[in-house]
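Quick notes on the structure that follows.
Numbering (the working numbering), first residue to last: 1044 to 1268.
Quick look at the structure:
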């Protein structure tokens, strides 16, 4: 992908900036460091874990004008990335596939839900927002940089740790089929937001929880607590 790009490439990694994963990407990592940009959300020393990759993908979808899903099953992490893109007011594109192929059921579902159908690169270019329109749509995201920088510095001092079983139980106990927001979860559990986000992401990947508009969360009906 980096070699095919016609401009500078941005790489977003799932662990700390000092962890190259997989190791065979060392040369690519070095090329990106010299010619593009590498972004890591987690602190130095953080080992990339499976749960970190969907978290990383929300940054990728936020940086891009649009997200293109080429192939995805119904439980694919790509659908979580597409949901992030939708929440970030980005365009979503999907390549259709054979209806009976489970590897294509996720992309076909996206198209049914309103994603742009992609048969060629022209379908993407024709529906990409113009830069001025994009900036206007996201104008609020570019304000209050001083506050954002202060929050970033504060969050950067928080050590990332695995949620304990007690913390997981405290969050799950508050969840039901009725959507609730993250502020309520934090208020009731008194847990740090990064811990709550991690627990919710684990539930989503396990197919036990889903997000709703206004960043609310609920258990999927009949899902086990």
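C-beta atoms are modelled at their ideal positions from N, C-alpha and C, and glycine is treated no differently.
field: Neighbour-count burial assignment, residue 1066, 16 or more Cβ in a 10 Å radius
entry: exposed
query: Would you call the CB atoms of residue 1261 and residue 1206 closer than 7 Å?
result: no
query: Taking just the CA atoms, how far does residue 1253 sit from residue 1217?
result: 14 Å
message: What does the alpha-carbon distance come out to for the pair residue 1118 and residue 1096?
response: 15 Å
message: Using the Cβ count rule (16 or more neighbours within 10 Å means buried), how would you classify residue 1243?
response: buried
field: Identified DSSP bridge partners for residue 1157
entry: DSSP lists no partner for residue 1157.
message: For a quick check, are the C-beta atoms of residue 1127 and residue 1109 less than 7 Å apart?
response: no
- prompt: DSSP puts residue 1253 in a beta bridge; with which residues?
  reply: 1261
- prompt: With distances taken from CA atoms, which of 1220, 1230, 1238 and 1154 is nearest residue 1211?
  reply: 1238
- prompt: Between the segment 1136-1152 and the segment 1083-1101, do at least 3 Cβ pairs fall closer than 8 Å?
  reply: no
query: Is the distance from the Cβ of residue 1160 to the Cβ of residue 1167 below 7 Å?
result: no
message: Does residue 1083 come out as helix, strand or coil in the three-state DSSP assignment?
response: strand
query: Exposed or buried, what is residue 1257 when buried is set at 16 or more other beta-carbons lying within 10 Å of its beta-carbon?
result: exposed
- prompt: From residue 1208 to residue 1056, what does the alpha carbon distance come to, in whole angstroms?
  reply: 27 Å
message: Considering only the alpha carbon of each residue, which of 1229, 1107, 1114 and 1142 lies closest to residue 1129?
response: 1107
task: Take residue 1131 and list the residues in its own chain whose beta-carbon comes closer than 7 Å to its own, dropping the five residues that flank it on each side.
output: 1104 and 1105
query: Alpha carbon to alpha carbon, how far is residue 1225 from residue 1085?
result: 21 Å
- request: Use the C-beta contact count for residue 1088: other C-beta atoms within 10 angstroms, 16 or more gives buried, fewer gives exposed.
  value: exposed
message: Using only CA atoms, which one of 1082, 1263 and 1157 lies nearest to residue 1052?
response: 1082
- prompt: Rounded to a whole number of angstroms, what is the C-alpha to C-alpha distance between residue 1054 and residue 1068?
  reply: 12 Å
message: When you compare the CB positions of residue 1112 and residue 1150, do they come within less than 7 Å of one another, or not?
response: yes
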